[in-house]
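Chemist:
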Amino acid sequence: MNRLEDAVALISQIVPQQAEAKPRRRRKKNKGGENSLSGFKKRKLTQEQVDALELSFGNEHKLESEKKNRLASELGLDPRQVAVWFQNRRTRWKNKKLEEGFRKLRSVHDGVVLEKCRLESEVMKLKEKLREAENEIQRLGERVDGGASNSPISSLTMEAMDTAFLGEFGGYEDVFCIPENGYNIHGMEWVNLFM
DNA sequence: ACTTCCTGCCCGTTACATCA
DNA sequence: TTGATGTAACGGGCAGGAAG
1 MNRLEDAVAL ISQIVPQQAE AKPRRRRKKN KGGENSLSGF KKRKLTQEQV DALELSFGNE
61 HKLESEKKNR LASELGLDPR QVAVWFQNRR TRWKNKKLEE GFRKLRSVHD GVVLEKCRLE
121 SEVMKLKEKL REAENEIQRL GERVDGGASN SPISSLTMEA MDTAFLGEFG GYEDVFCIPE
181 NGYNIHGMEW VNLFM
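When we follow the UniProt record's numbering, the leftmost residue of the first sequence carries the number 1, and every step to the right adds one.
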């Protein structure tokens with residue numbers, strides 16, 4: 001699984017796959033009607049009502065029927081209004097939690113990308129040091145051989161060392177920190193995938 | 001065990017209020 | 001006036017429980 005698939009899998013755990021879109025019936029404009037709250041104009045709840053509802057929500061995110069009725073009568077609201085308010089509040093709370101989780105995930109991701117770059121940079125430096133050491137050994141070998149510059153022994157030894165060292169990073173050229181399509185260190189492009 | 005009805009929740013959407 | 005934003009309210013689907 002690649003990074004993108006990992007991220008998609010993670011987000012899908014938080015946000016369930018949306019069911020196939022079904023055509024929804026369009027709601028009529030508010031003209032009033034029985035068996036609903038449509039008999040009056042939509043109004044904002046007063047600050048006192050909101051405060052009391054928030055307080056109750058802080059205690060528990062779901063209301064039992066009895067408590068809902070009591071709260072409604074205390075606040076001069078219809079019990080259905082209280083139920084609707086709680087439902088909408090749960091939705092807002094859930095969205096907020098999702099955003100928090102997403103920010104944390106992005107932060108972790110950015111950290112991992114930075115660490116990856118740091119390690120790759122370190123590999124490059126070590127590789128450079130290795131090359132310098134190889135050259136140095138070769139020069140010393142030439143002196144010892146008295147000018148036999150292409151000693152098969154020296155050459156083989158160097159190859160063996162190189163393979164032994166690079167073997168740990170098995171094909172590490174593939175993972176160098178080169179910004180890939182739709183994916184960079186600032187972590188913004190990949191974010192767009194989920195917007 | 002099954003069907004039906006009721007209730008409450010969630011999700012997506014709509015309508016309305018408010019503000020820049 | 002208008003577009004953006006926040007939120008109250010709605011419709012429909014679904015699950016769980018009670019009753020027949």
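Cβ atoms here follow ideal geometry from the backbone N, Cα and C, with glycine treated the same way.
Measuring straight from C-alpha to C-alpha, what distance separates Leu55 and Asn69?
Modeler: 16 Å
Chemist: Roughly how many angstroms separate the alpha carbons of residue 196 and Pro79, rounded to a whole number?
Modeler: Not covered by the structure: residue 196. The range shown for the chain is 1 to 195.
Chemist: According to DSSP, simplified to helix, strand and coil, what is Leu63?
Modeler: coil
Chemist: Quick one, which of Glu122, Phe57, Val123, Leu105 has its alpha-carbon nearest Arg92's?
Modeler: Phe57
Chemist: My output table needs one value for Lys44: the three-state DSSP class, helix, strand or coil.
Modeler: coil
Chemist: Assuming the contact rule is C-beta atoms closer than 8 Å, Trp85 and Leu119 should be a hit. Round their C-beta distance to whole Å, please.
Modeler: Not a contact, Cβ separation roughly 51 Å.
Chemist: Compute the Euclidean distance between the alpha carbons of Ala83 and Gln47, then round it to the nearest angstrom.
Modeler: Looking at the two C-alpha atoms, the distance is approximately 18 Å.
Chemist: What is the DSSP secondary structure of Asp78, reduced to helix, strand or coil?
Modeler: coil
Chemist: Would DSSP call Gly101 helix, strand or coil?
Modeler: helix
Chemist: When burial is assigned at 16 or more other CB atoms within 10 Å of the CB, is Leu75 buried or exposed?
Modeler: buried
Chemist: Using only the alpha-carbon positions, how far apart do Glu100 and Arg90 sit?
Modeler: One C-alpha to the other measures close to 15 Å.
Chemist: Is DSSP giving Gly58 helix, strand or coil here?
Modeler: helix
Chemist: Out of Glu64, Cys117, Leu77, state which residue places its alpha-carbon closest to the alpha-carbon of Leu45.
Modeler: The option with the nearest alpha carbon to Leu45 is Leu77.
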